[in-house]
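To keep things clear, I will list the structure first and then write my remarks on it.
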Amino acid sequence: MNNSQASGHIPDLDLITYYSENSYSFLSKASPWIKLIGLIAIILILTIVKSVEVLVALYALLLLLYWQIGLPVRKLFDWCLLPVLFVLSLVILLMWNETGVPLFSLKFFWFSLTLTDNGLLLVVRLLLKALISMTSSLLFLMTTKYAYLSVMIYRIFPFPIDQIFLMSYRFLFITLDMVDSMIRAFKSRGGGLIKSVVRQSQTFAEIFALVFIRSYDQAERVNKAMESRGYDGTYTTSTEVPQMKPIDYIVLLVFLVVIIYLLLFHNSSISR
Amino acid sequence: MKKHIDPVQNHAFSEPHELIHIDCASHVYPDGSIGIHDLCFRVKENEIVALCGANGSGKSTLLEHLNGLLLPSKGNIYVMGEKIDSTTKKDLWKHVGIVFQKSDDQLFAPTVLDDVMFGPLNLGMNRGEAWNAAMEALRAVGAEKFINKIPNYLSGGQKRLVSIAGILAMKPKIIALDEPTSDLDPKHAEIIENIICELKENHGISIVLATHDLDLAARIADRICIVKGGSVIAEGRPSDIFYNVDLLEDAGLKEPKIVQVYEALCEFKKIEIKRKPVTVEELVKSL
Numbered sequence: 001m002n003n004s005q006a007s008g009h010i011p012d013l014d015l016i017t018y019y020s021e022n023s024y025s026f027l028s029k030a031s032p033w034i035k036l037i038g039l040i041a042i043i044l045i046l047t048i049v050k051s052v053e054v055l056v057a058l059y060a061l062l063l064l065l066y067w068q069i070g071l072p073v074r075k076l077f078d079w080c081l082l083p084v085l086f087v088l089s090l091v092i093l094l095m096w097n098e099t100g101v102p103l104f105s106l107k108f109f110w111f112s113l114t115l116t117d118n119g120l121l122l123v124v125r126l127l128l129k130a131l132i133s134m135t136s137s138l139l140f141l142m143t144t145k146y147a148y149l150s151v152m153i154y155r156i157f158p159f160p161i162d163q164i165f166l167m168s169y170r171f172l173f174i175t176l177d178m179v180d181s182m183i184r185a186f187k188s189r190g191g192g193l194i195k196s197v198v199r200q201s202q203t204f205a206e207i208f209a210l211v212f213i214r215s216y217d218q219a220e221r222v223n224k225a226m227e228s229r230g231y232d233g234t235y236t237t238s239t240e241v242p243q244m245k246p247i248d249y250i251v252l253l254v255f256l257v258v259i260i261y262l263l264l265f266h267n268s269s270i271s272r
Numbered sequence: 273m274k275k276h277i278d279p280v281q282n283h284a285f286s287e288p289h290e291l292i293h294i295d296c297a298s299h300v301y302p303d304g305s306i307g308i309h310d311l312c313f314r315v316k317e318n319e320i321v322a323l324c325g326a327n328g329s330g331k332s333t334l335l336e337h338l339n340g341l342l343l344p345s346k347g348n349i350y351v352m353g354e355k356i357d358s359t360t361k362k363d364l365w366k367h368v369g370i371v372f373q374k375s376d377d378q379l380f381a382p383t384v385l386d387d388v389m390f391g392p393l394n395l396g397m398n399r400g401e402a403w404n405a406a407m408e409a410l411r412a413v414g415a416e417k418f419i420n421k422i423p424n425y426l427s428g429g430q431k432r433l434v435s436i437a438g439i440l441a442m443k444p445k446i447i448a449l450d451e452p453t454s455d456l457d458p459k460h461a462e463i464i465e466n467i468i469c470e471l472k473e474n475h476g477i478s479i480v481l482a483t484h485d486l487d488l489a490a491r492i493a494d495r496i497c498i499v500k501g502g503s504v505i506a507e508g509r510p511s512d513i514f515y516n517v518d519l520l521e522d523a524g525l526k527e528p529k530i531v532q533v534y535e536a537l538c539e540f541k542k543i544e545i546k547r548k549p550v551t552v553e554e555l556v557k558s559l
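Heads up: the sequence lines are chains A and B, in that order.
According to this note's numbering, the first sequence is numbered sequentially starting from 1.
According to this note's numbering, the second sequence is numbered sequentially starting from 273.
Given below as structure tokens:
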């Protein structure tokens, strides 16, 4: 696969995998374990920090890193669309009537909605948290080889969850290819243009049903092929993940210090 | 009291090199459709047998019986002299490997190396032994350069090579290939064809080939079995089978191109068909 073969999926698994397999940045060479710990540290920071300043700084840092190691920044902003819509759809209900300085009010017959500075900050904070989660996850996925990722899944998760993860990731590619080819066939016969919402919904329901049936069928065939090679319900990966180096332990220490610092000084003092 | 003589053991004395013996086996799927019906079939040591038949004739069902994925509803299957039943089928995969028609069904692991090592690890090899077996198999099919690739990003031909390596790494006595050259470009089809011949010549592996590509069967098979309606309706040497137009028509098949050309030439020159060539080399010699 090459970059130009990327599909329009959000997230585009093909493109993510292309970068993970072909990126030679310092982050790609770093131990996958330290990157995973970094990701966990960021998630931890997101849960304890409410400060908008810290969140903005963290997001800026991640964007800078993303751009510096040669990952596609423009594509990243395309991919932001879904998390942004998701957060907005939730926060549109929560942002009203927060305590704080009122910015404006909407009066209805029997009630009023007031947007305060804290309500607005809630929107910004949740948006930032969603974007940081997404960007840091992409940074991890786009700099870690699929083989390493599978071994880490195998080591971290208990049986049978590890087996499900190990096989579903590969299966996702096949399913997405299948959906892609079905949609191409659909478009090649004039589909895709919204002529009637009802007709369009019906067609997509049909595609969804077909994907479900074909996936089931494919799973049966994969299982049969695995059994023909002696599969008894346990699959072990054979790839070795590079071990952590001394520098990785130093980075780990830095993560710890940052988290403890934020926990002690930024959690309550700067939170709004 | 009449002593029961196991047919395969009886047969084994007369033909010691028989690896598989299917004795009047039938298989009915749960929906009532018939997969194979009173099918008799043999595979001998170090031979390439081509199962030729139209779509839905029962070729793939037969292959799945060879590996123990399916058991016959009626009749018996003997592999290496042992009768296959629900208790003995679990070890059958160690002797008979199947290369499936769609490589995507077979390649499930994160990398090519992981996938090829899957079988050897299931055989109980340690990681080092499994790695050696996998590398040896990948080298044998010329796919060692793909070891760290994700199977999804290989071409159809490369996937097929890796699928064959995955089976070869288990060092089976018999390899069954389901439509091995379907969907492949001529270059990759030729590579696969050469590999199949090498598996027989260099590794001493018997090959069972399910195909409706009669040109391929004519070039590489030692024996042809024509399958129709779940039964083997005829078997013999390629030159005998492929010049029987009525038989092929009955089975929904068409003669290989070489046979068509030779027959047309004989008709044009008004001479009797004598030599029955089935390969280009044989045709050239005949001319």
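All residues carry an ideal CB built from backbone N, CA and C; glycine is no exception.
Distance between residue j and residue i (C-alpha atoms, nearest Å)
i	j	result
residue 280 (chain A)	residue 313 (chain B)	Given a span of 1 to 272 for chain A in the structure shown, any question on residue 280 (chain A) remains unanswerable.
residue 28 (chain A)	residue 237 (chain A)	21 Å
residue 165 (chain A)	residue 422 (chain B)	16 Å
residue 185 (chain A)	residue 420 (chain B)	32 Å
residue 424 (chain B)	residue 242 (chain A)	24 Å
residue 174 (chain A)	residue 445 (chain B)	32 Å
residue 468 (chain B)	residue 449 (chain B)	9 Å
residue 542 (chain B)	residue 323 (chain B)	33 Å
residue 15 (chain A)	residue 488 (chain B)	38 Å
residue 196 (chain A)	residue 189 (chain A)	16 Å
residue 18 (chain A)	residue 144 (chain A)	11 Å
residue 537 (chain B)	residue 551 (chain B)	15 Å
residue 52 (chain A)	residue 372 (chain B)	56 Å
residue 427 (chain B)	residue 398 (chain B)	30 Å
residue 248 (chain A)	residue 40 (chain A)	15 Å
residue 239 (chain A)	residue 406 (chain B)	13 Å
residue 290 (chain A)	residue 204 (chain A)	There is simply no residue 290 (chain A) to check, as chain A begins at 1 and stops at 272 in what is shown.
residue 5 (chain A)	residue 384 (chain B)	With a pLDDT of only 49 at residue 5 (chain A), under the threshold of 50, the placement of this residue in the model should not be trusted, and no figure is reported.
residue 221 (chain A)	residue 227 (chain A)	10 Å
residue 57 (chain A)	residue 263 (chain A)	16 Å
residue 451 (chain B)	residue 233 (chain A)	28 Å
residue 474 (chain B)	residue 418 (chain B)	23 Å
residue 113 (chain A)	residue 87 (chain A)	19 Å
residue 519 (chain B)	residue 534 (chain B)	18 Å
Closest residue to residue i among the options (Cα-Cα distance)
i	options	result
residue 146 (chain A)	B:335, B:536, B:380 and B:514	B:380
residue 357 (chain B)	B:319, B:533, B:518 and B:339	B:339
residue 290 (chain B)	B:443, B:384, B:319 and B:528	B:319
residue 508 (chain B)	B:382, B:551, B:494 and B:518	B:494
residue 94 (chain A)	A:47, A:224, A:83 and A:120	A:120
residue 231 (chain A)	B:299, B:366, B:317 and B:345	B:366
residue 177 (chain A)	A:142, A:200 and A:215	A:215
residue 436 (chain B)	B:403, B:486 and B:374	B:374
residue 321 (chain B)	B:510, B:355, B:556 and B:548	B:510
residue 438 (chain B)	B:482, B:462, B:393 and B:470	B:393
residue 99 (chain A)	A:105, A:112, A:117 and A:110	A:117
residue 208 (chain A)	A:180, A:153, A:233 and A:88	A:180
residue 130 (chain A)	A:37, A:42, A:36 and A:158	A:42
Integer-rounded CB distance, given that residue j should sit under 8 Å from residue i
i	j	result
residue 125 (chain A)	residue 50 (chain A)	7 Å
residue 187 (chain A)	residue 31 (chain A)	The pair is not a contact, with the Cβ atoms about 44 Å apart (cut-off 8 Å).
residue 432 (chain B)	residue 464 (chain B)	6 Å
residue 341 (chain B)	residue 224 (chain A)	6 Å
residue 353 (chain B)	residue 295 (chain B)	Actually they do not touch by this definition, with Cβ atoms about 13 Å apart.
residue 101 (chain A)	residue 123 (chain A)	Residue 101 (chain A) to residue 123 (chain A), Cβ: 15 Å. No contact.
residue 229 (chain A)	residue 391 (chain B)	4 Å
residue 217 (chain B)	residue 299 (chain B)	This structure leaves residue 217 (chain B) out entirely; chain B is present only between 273 and 559.
Review point. When Cβ atoms are compared, which residues of the segment 174–194 of chain A fall closer than 7 Å to chain B?
Key: Listed by position along the chain: 174.
Practice item. Give a yes or no on contact between the segment 499–507 of chain B and the segment 324–335 of chain B, applying the rule of three or more CB pairs nearer than 8 Å. Key: Result yes; three or more Cβ-Cβ pairs closer than 8 Å.
Check your understanding: Would the segment 344–363 of chain B and the segment 401–419 of chain B be scored as touching if the rule is three or more Cβ pairs under 8 Å?
Key -> No, they do not touch.
Check your understanding: Between the segment 65–78 of chain A and the segment 13–23 of chain A, do three or more beta carbon pairs fall short of 8 Å?
Key -> These segments touch.
Check your understanding: Between the segment 72–81 of chain A and the segment 128–147 of chain A, are three or more C-beta pairs nearer than 8 Å?
Key -> A contact exists between the segment 72–81 of chain A and the segment 128–147 of chain A.
Point to revise | Interface residues of the segment 388–403 of chain B facing chain A [CB-CB below 8 Å] | key: Within the segment 388–403 of chain B, the residues whose Cβ lies closer than 8 Å to any Cβ of chain A are, in chain order, 389, 390, 391, 393, 394, 395, 399, 402 and 403.
**Study point:** Under 8 Å (Cβ pairs) to chain A, residues found in the segment 292–311 of chain B
**Key:** Within the segment 292–311 of chain B, not one residue has a Cβ closer than 8 Å to any Cβ of chain A.
**Study point:** Interface residues of the segment 124–151 of chain A facing chain B [CB-CB below 7 Å]
**Key:** Answer in chain order: 146, 147 and 150.
Check your understanding: the segment 93–118 of chain A: which residues have C-beta closer than 9 Å to a C-beta of chain B, in chain order?
Key -> Against chain B - using a Cβ distance shorter than 9 Å - the segment 93–118 of chain A contributes no residues.
Exercise for review: Return the residues of the segment 223–235 of chain A that lie within a Cβ-Cβ distance of less than 8 Å from chain B, sorted by chain order.
Suggested key: So the close ones are 224, 225, 226, 227, 228, 229, 230, 231, 232 and 235.
**Study point:** Members of the segment 237–267 of chain A that neighbour chain B once the beta carbon cut-off is set at 7 Å
**Key:** Answer set for the segment 237–267 of chain A: 237, 238 and 239.
Practice item. Kindly confirm or deny that the segment 520–531 of chain B and the segment 475–487 of chain B touch, where touching means at least three C-beta pairs closer than 8 Å. Key: Output reads yes: the segment 475–487 of chain B touches the segment 520–531 of chain B.
Practice item. Please list the residues of the segment 433–460 of chain B that have a C-beta atom closer than 8 Å to any C-beta atom in chain A, keeping them in chain order. Key: In summary, the residues of the segment 433–460 of chain B whose CB is separated from some CB of chain A by less than 8 Å are 438, 439 and 442, in the order they occur in the chain.
Review point. Taking a cut of 7 Å between CB atoms, which residues from the segment 338–363 of chain B lie near chain A?
Key: So the close ones are 339 and 341.
Review point. Just by C-beta distance, which residues in the segment 531–552 of chain B are closer than 9 Å to chain A?
Key: Correct list: empty, as no residue qualifies.
Review point. Going along the chain, which residues of the segment 369–387 of chain B sit with their C-beta nearer than 9 Å to a C-beta in chain A?
Key: Hits within the stretch, in order: 369, 370, 372, 374, 376, 377, 378, 379, 380, 381, 382, 383, 385 and 386.
**Study point:** chain B contacts from the segment 14–48 of chain A (Cβ-Cβ distance under 9 Å)
**Key:** For the segment 14–48 of chain A, residues whose beta-carbon sits nearer than 9 Å to a beta-carbon of chain B comprise 14, 17, 18 and 21.
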